[in-house]
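Each step along the sequence shown adds one to the number in the UniProt record's numbering, with nothing skipped, and position 217 is 217. Ideal Cβ placement from N, Cα and C applies to all residues, glycine included. Please read all numbers here as calculations on a predicted model, not as lab measurements.
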Amino acid sequence: MTTPSSFAPSNSPRRMPPTFADSAIVWAFLEDGLDEIMANGPIKYSSYMSLYVVAYNYCTSSRMDGAPDSVVGAGNRTAAKVVGSELYDNLVRYFALHVKGVKEQSDHLQGEALLRYYAGEWDRYTTGADYINRLFTYLNRHWVKTAQKEGRVGVYPVYTLALVQWKSIFFLDGQNELAGIIHRLIESERNGQTINHGHTKKVIDSFVSLDSYENVYNASL
């Protein structure tokens, strides 16, 4: 198992759902954990492992909640595909809703305030997405790779999926404004003013990451 190297305290230990709990209960448990990670970053080791085990058990189970009998009869491999697809679709919706919320909070911001907000949220988001990507190692290694080999369009490893959602929902709409802010700050520095290089660097790093992830993804296929 791949686990983060450091964990922060968690105030509320969660009770793991039973191995064969229905999908709604499993996702509710996972979603609570994802919310904590996206808000606070590293979580307590025991909380992380609970999330990892629940995600792993869910991906490897043969449950077929709501699936027709003909699909159940096709065996565990088909069941795993259905479960993996359902979990992946939940993650797509999760990241989309999260990024929409982040973007809405920026709608009234301009200039350096927008740059500062974007830099902070980008840092928080990518840190959280990295932890979530590790939680779903099994999904990445098995369902995602299989779906890609079968030619399914728009399927990415979980971390790349997070970048895709950030780019399509937040970045593409605001990249010109952010670039303009950075350009004006650079001009201000040339005129002798002091600027915050930390925020500027984080935003530029996001430009690079969001421009390059597709090339990295395509090269891995």
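Tyr-156 by DSSP, collapsed to three states: which one? coil
Within its chain, find whatever has a CB closer than 7 Å to the CB of residue 222; leave out the 5 residues flanking it on each side and keep chain order. Outside the shown range of the chain, which is 1 to 221, sits residue 222, and nothing can be said about it.
Are residue 227 and Leu-210 closer than 8 Å when you measure CB to CB? The question about residue 227 has no answer here: the residues shown for the chain are numbered 1 through 221.
Taking 7 Å as the cut-off, does the CB of Leu-97 come closer than this to any heavy atom belonging to the ligand ZN? Ligands are entirely absent from the displayed structure, and the ligand ZN is therefore not among its contents.
Let me know the secondary structure DSSP gives Lys-167 once reduced to three states. helix
Three-state secondary structure (DSSP) at Lys-44? coil
Would you check if the segment 114-123 and the segment 81-98 touch, i.e. whether three or more CB-CB distances between them fall below 8 Å? no
Please determine if the segment 96-112 and the segment 23-33 are in contact, where contact requires at least 3 C-beta pairs separated by less than 8 Å. no
Let's test the definition: count the other Cβ atoms within 10 Å of the Cβ of Gln-193 and tell me whether it reaches 16, buried, or not, exposed. exposed
Between Gly-111, Val-99 and Asn-140, which lies nearest to Tyr-52 when the distance is taken from Cα to Cα? Asn-140
What do you get for Lys-167, buried or exposed, if any count of 16 or more other CB atoms within 10 angstroms of its CB means buried? buried
Whole-number beta carbon distance between Leu-115 and Leu-178, since they are thought to touch under 8 Å: 7 Å
With a 10 Å radius around its C-beta and 16 neighbouring C-beta atoms as the bar for buried, classify Lys-202 as buried or exposed. buried
Coil, strand or helix - Leu-210 by DSSP: helix
By the 10 Å Cβ neighbour count, where 16 or more other Cβ atoms means buried, how is Thr-19 classified, buried or exposed? exposed
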